[in-house]
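Participant:
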Amino acid sequence: MESRTEPVEREPDITVREPGATAVRKPDTSARPPLVRELLLVVGLFLVYKFGRQLANGHTGEAFDNAHRVWDAERTLRLPGEGAVQDALLSSDTLIHLANIYYATVHFPATLLFLVWLYLRRPRHYVWTRRVLAALTAAALVLHLGFPLAPPRMLTAAHLVDTAQVYGPSVYAAKPATDTMANQFAAMPSLHFGWALMLAVGMIVATSTRWRWLWLLHPLLTLLVIVGTANHYWLDALVATALLGVALAVLRLPRPAGSLVVRRSGDARPESEPLATAGPCPSPELITSGAGQ
């Protein structure tokens, strides 16, 4: 089996035929949205999300009441205690520092690089992924506003260590009321996990290398980090998974159109290529390619 990374459903191609020259297949960039528009859109969505999260600040009593409800629900469901993961991380200063660094530095850069790669190499997958991430983030924002939740590091009943404050580095202020950069009561659902899971799904769908399933290690590692550092409950990740599943069910990856033949001679216009079918070999003048080849 080949280990090269190729799209599962190849992005549409354009076959360019120069007069007196061999036809050349080139990627069809028509599915790629304008760069400036995408930058404005992504930045705009990010700002709306950041400012929207701030609206949930100040609901301290409600956030802690919900935290007790989530904690009790996890015990009723017999989910493993978050402390088991944290104890494993605390067994090594190196591990706990790496976990804190991963939580603080990987989330946004990894998602950004993922989107940039899709935009450049898989424009059709990029548009689909951007829509799914936008839907997931919007649903998360609604939950953050309607269900403020204190993370387990703040819950006395959890008996967990705030590893970022004790060992560093930390992206949050020591007191939630003084944190002007983040809403610490927006734990449910975990977008750290939701975005990481979508990154893995997107890379698995957009590539066909036999190693593509290793992308699942990213959300798995993210899950262990967010739980082990006491920033999220198990249920935060489960709810994020459910929301992502709904978004993926509603927003399907569009099938590519057929390839095009562009003849650069005189005033010839581009024409759609027919799908390749079983039967006699086509004439040399016709170049065909199927969307799924």
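Residue 834 is where the sequence shown starts when you use our numbering, and the numbers rise one by one after that. We treat Cβ as the ideally placed atom computed from N, Cα and C, and that holds for glycine. All of these numbers come straight from a predicted model, not from anything done at the bench.
Roughly how many whole angstroms lie between the Cα atoms of L1086 and A1075?
Facilitator: Answer to the nearest angstrom: the Cα atoms are 18 Å apart.
Participant: So, using beta-carbon positions, are F1018 and H892 closer together than 8 Å?
Facilitator: Going by C-beta atoms, F1018 is nearer than 8 Å to H892.
Participant: Might you give, ordered along the chain, the residues of its own chain that have their beta carbon closer than 7 Å to the beta carbon of V1072, omitting 5 neighbours on each side?
Facilitator: Only M1021 and P1022 meet the Cβ criterion.
Participant: I'd like the list of long-range same chain contacts for W1067, defined as Cβ closer than 8 Å, with 5 residues on each side in sequence excluded.
Facilitator: E907, L912, P913, E915 and V1060
Participant: If I'm right that A932 touches A983 with Cβ under 8 Å, what's the distance once you round it to whole angstroms?
Facilitator: Contact doesn't hold; Cβ gap of about 20 Å is too wide.
Participant: Alpha carbon to alpha carbon, how far is D898 from R870?
Facilitator: 42 Å
Participant: With burial defined as no fewer than 16 other Cβ atoms inside 10 Å of the residue's Cβ, what is the status of L872: buried or exposed?
Facilitator: So L872 counts as exposed.
Participant: For the stretch 952-960 against the stretch 872-881, are there 3 or more C-beta pairs whose distance is under 8 Å?
Facilitator: no
Participant: Given that a residue counts as buried once 16 or more other Cβ atoms are within 10 Å of its Cβ, and exposed if not, what is P942?
Facilitator: exposed
Participant: If you draw a straight line from the C-alpha of I934 to the C-alpha of A971, how long is it?
Facilitator: Pairing I934 with A971, the inter-Cα distance amounts to about 27 Å.
Participant: Give the secondary structure of A1020 by DSSP, where H, G and I count as helix, E and B as strand, and everything else as coil.
Facilitator: Note: A1020 maps to coil in three-state DSSP.
Participant: If L880 and A968 are in contact, beta carbons under 8 Å, what's the gap, nearest whole angstrom?
Facilitator: So it is not a contact: roughly 18 Å between Cβ atoms.
Participant: For E895, I'd like the list of residues in its chain whose CB is within less than 7 Å of its CB, leaving aside the five on either flank, ordered along the chain.
Facilitator: Excluding positions up to five away in sequence, the list reads P981.
Participant: Helix, strand or coil for L1190 per DSSP?
Facilitator: No answer is possible for residue 1190: the residues shown for the chain start at 834 and end at 1126.
Participant: Skipping 5 residues on each side, what residues in its chain have a beta carbon closer than 8 Å to that of W904?
Facilitator: P985, L988, A990, A991 and Y1066
Participant: Quick check: the Cα distance between R865 and A1039, rounded to an integer number of angstroms?
Facilitator: Rounded to the nearest angstrom, the two C-alpha atoms are 15 Å apart.
Participant: Measure the CB-CB distance between A1070 and L1024 and report whether it falls below 8 Å.
Facilitator: no
Participant: Only counting the same chain, and skipping five residues up and downstream in sequence, which positions put a Cβ closer than 6 Å to that of Y952?
Facilitator: Y959
Participant: Who are the Cβ neighbours of L976 in its own chain at under 7 Å, not counting the five residues just before and after it?
Facilitator: M1021 and P1022
Participant: Is DSSP giving H930 helix, strand or coil here?
Facilitator: Reduced to three states, the DSSP call for H930 is helix.
Participant: If I follow the unbroken alpha helix (DSSP H) through Y1000, where does it start and stop?
Facilitator: From DSSP, the alpha helix (DSSP H) with Y1000 extends over T996 to Y1000.
Participant: What does L982 pair with, by DSSP beta-bridge criteria?
Facilitator: A1019
Participant: Where does L914 sit, in a helix, a strand or coil, going by DSSP?
Facilitator: Residue identity check: residue 914 is Gly in the sequence provided, not Leu. Three-state DSSP puts G914 in coil, outside helix and strand.
Participant: Identify whether V881 lies in helix, strand or coil by the three-state DSSP scheme.
Facilitator: helix
Participant: How about G1035 and T944: are their beta carbons less than 8 Å apart?
Facilitator: no
Participant: Let me check understanding here. Comparing Cα to Cα, which of R1045, V965, Y936 and L1030 lies closest to P1002?
Facilitator: Y936
Participant: Which term fits G979, buried or exposed, when burial requires 16 or more other beta carbons within 10 angstroms of its beta carbon?
Facilitator: Its Cβ having fewer than 16 others within 10 Å, G979 is exposed.
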